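First the structure, in the form of structure tokens, and then the observations on it.
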Amino acid sequence: MIDGGRPLEGQVAVSGSKNAALPILIATLLAPGEHRLANVPDLADTSSTLSLLGRIGCPSLTGTHVRVDTTRVAYWEAPYDVVRKMRASVLVLGPLLARCGKAVVSLPGGCAIGTRPIDQHLKGLEALGCRFRIEGGNVHGVADDLRGADVHLDMPTVTGTENILMAAVLARGTTRIHNAAREPEIVDLANFLKGLGAQIEGAGSSTLVIEGVPRLTPASRPHRIIPDRIEAGTWLCAAAVTGGDVTVTDVEPGHLEAIGAKLAEAGCEIEAAGTTVRVRRTGPLRPFQLRTLPYPGFPTDMQAQLMTVATLANGTSTLEETIFENRLLHAAELRRMGARIEERGGMAIVHGGTLSAAAVMASDLRASAALVLAGLAAPGLTEVLRIYHLDRGYEDLVGKARKLGARIGRVSDGERDHDRMLAATAAAA
Ligand code: UD1
11 MIDGGRPLEG QVAVSGSKNA ALPILIATLL APGEHRLANV PDLADTSSTL SLLGRIGCPS
71 LTGTHVRVDT TRVAYWEAPY DVVRKMRASV LVLGPLLARC GKAVVSLPGG CAIGTRPIDQ
131 HLKGLEALGC RFRIEGGNVH GVADDLRGAD VHLDMPTVTG TENILMAAVL ARGTTRIHNA
191 AREPEIVDLA NFLKGLGAQI EGAGSSTLVI EGVPRLTPAS RPHRIIPDRI EAGTWLCAAA
251 VTGGDVTVTD VEPGHLEAIG AKLAEAGCEI EAAGTTVRVR RTGPLRPFQL RTLPYPGFPT
311 DMQAQLMTVA TLANGTSTLE ETIFENRLLH AAELRRMGAR IEERGGMAIV HGGTLSAAAV
371 MASDLRASAA LVLAGLAAPG LTEVLRIYHL DRGYEDLVGK ARKLGARIGR VSDGERDHDR
431 MLAATAAAA
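Residues in the sequence shown are numbered consecutively from 11, following the working numbering.
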């Protein structure tokens, strides 16, 4: 519940990256022993990953550092009830095949933002010597002897690159992944693996060269997860849509360049210094053109939030989604808040204007963020339903927004009458 229409102002510390933490937690499977990780975000997806590792036989402890003990692997399956909640569970495929020579992973199937197949993961792992059969909705993989190979990806898939990389580090000989994903999260995973003794070159470029080693061992120092560039980008958009002034701290400004450049085109002032980025909006928002692309292009995970920015601009913007085929679901909900958006295929044409408060329904993680931003901008009470999506990817969103001056609160079903909702948003605001 949000009582919107107030500028957000101040500093907000960005948490560790979800999309770096999940593969790195899973990569601990590659080196038997105790691992320590720092800056792991406290999210529903982190808990799901730790409980998946627990089912595999690897207990964990959370605290300042997350500790995972991968001494023994007792089980090599990621069942449907886990994969269904979190697609990233397919990342156990590469490590389990490399460590145990077998893995069973439920096929992810469709999700709200598209079909999202894993054919490229399987193709790459097959090139390394794995064999797969599909039975009962599960992928059953075996690998007697992993050997390095050349893998040519049809598209630079992020988790696909990670899965193949994690198998290749323990394969015999050299693996080259061509058309690899270049996202900062891949670089963080590669750095973590290097700390275990892996030999990897080219992380952050489109060709990864991996020289397999016989074994990996846990690092003596904790690995620190990189900052979450999507969380940071979302707070920067909060400044843009509310006419505020927000500084994100604990970030890597280099990872935020595409997002910052787009907000600058939209008329915001951007200032990067050290590990902070500040966004200020003093005048009207200008319309812009946006096309989602693999890194270093504009991230698909920020498209929904920029759509909210476009709804408030002084003119017509176009946003083209090229990564996922069904990722404009938030447009219909934004229309319920008064936005004028036409859809043509994967393109949204947004005629800017104003937003008005309404009850809206979140369909996926980043769509939820877009609706919260819309609620922060629109005067009056906006109710965003199904916010459990937000808990998958934003640590303490409500607490952080309140520190920036937002009137926002979580409301349980029993509290959903107008006065109580207002009280919930005002408390501690
Ligand atoms: C990751 C991110 C997600 C982000 C996405 C794109 C994680 C945990 N999630 O998801 O937040 O939105 O990258 O930046 O890191 N594809 C295939 N076959 C495959 C694999 C992918 O056709 O085997 C297609 C997908 O359907 C999609 C495109 O490739 O159209 C890119 O998807 P991909 O990079 O794989 O996304 P994820 O790794 O699932």
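Every residue gets a Cβ at the ideal spot worked out from N, C-alpha and C, and that includes glycine.
These figures come from a predicted structure and were not determined experimentally.
Can you check DSSP and say which residues form a bridge with P237? G26
Note down, in chain order, each residue of its chain lying with its Cβ closer than 7 Å to the Cβ of G147, except the 5 sequence neighbours on either side. Y90, S116, L117
Alpha carbon to alpha carbon, how far is D406 from A341? 25 Å
Please report the distance separating the alpha-carbon of H3 from that of P232. Beyond the ends of the chain as shown, which are 11 and 439, falls residue 3; an answer cannot be given.
Classify G403 as helix, strand or coil using the three-state DSSP reduction. coil
Spell out the partners DSSP gives Q21 in its beta bridges. T257
From this set, R290, H265, V287, A248, which residue's C-alpha is nearest T318's C-alpha? A248
Should the segment 239-253 be called in touch with the segment 213-225, which here means at least 3 C-beta pairs below 8 Å? no
Look at the Cβ atom of G362, then the Cβ atom of G403, and state whether they are nearer than 9 Å. no
With 16 other Cβ atoms within 10 Å as the buried cut-off, status of Q299: exposed
Since E44 is in the beta strand (DSSP E), which residue starts that stretch and which ends it? 44-48
Exposure label - Q313; buried when at least 16 CB within 10 Å: buried
What's the gap between the Cα of L101 and the Cα of A113? 11 Å
Note down, in chain order, each residue of its chain lying with its Cβ closer than 6 Å to the Cβ of L8, except the 5 sequence neighbours on either side. Nothing about residue 8 can be reported from this structure: the residues present for the chain run from 11 to 439 only.
Any heavy atom of ligand 1 closer than 8 Å to the CB of P194? no
Quick check: does the Cβ of G104 come within less than 8 Å of any heavy atom belonging to ligand 3? Ligand 3 is absent from the structure shown, which contains only ligand 1.
Contact belief for L395 with M371 at Cβ below 8 Å, rounded distance in angstroms: 5 Å
What are the boundary residues of the alpha helix (DSSP H) that includes R109? 103-110
Assigned secondary structure, N189 (DSSP; H/G/I helix, E/B strand, else coil): coil
To the nearest angstrom, report how far apart L18 and L329 are at their CA atoms. 25 Å
Please state whether the Cβ-Cβ distance between T38 and L63 is less than 9 Å. yes
Does the beta-carbon of A213 have 16 or more other beta-carbons within 10 angstroms, so that it is buried, or is it exposed? buried
What does I333 pair with, by DSSP beta-bridge criteria? In the DSSP output, where bridge partners are listed per residue, I333 has none listed.
Cβ separation of N189 and S216, assumed to be a contact under 8 Å, to the nearest whole Å: 6 Å
Determine the closest residue to N29 out of I269, A54, V382, L156, with distance taken between C-alpha atoms. A54
Verify whether the separation of the beta carbon atoms of A369 and E393 is less than 9 Å. yes
Backbone CA spacing between A159 and G270 [nearest angstrom]: 38 Å
Which listed residue (V287, R290, L203, S27) has its alpha carbon closest to that of R225: L203
Enumerate in chain order the residues of its own chain whose CB-to-CB distance from T364 is below 6 Å, with the five nearest sequence positions on each side excluded. none
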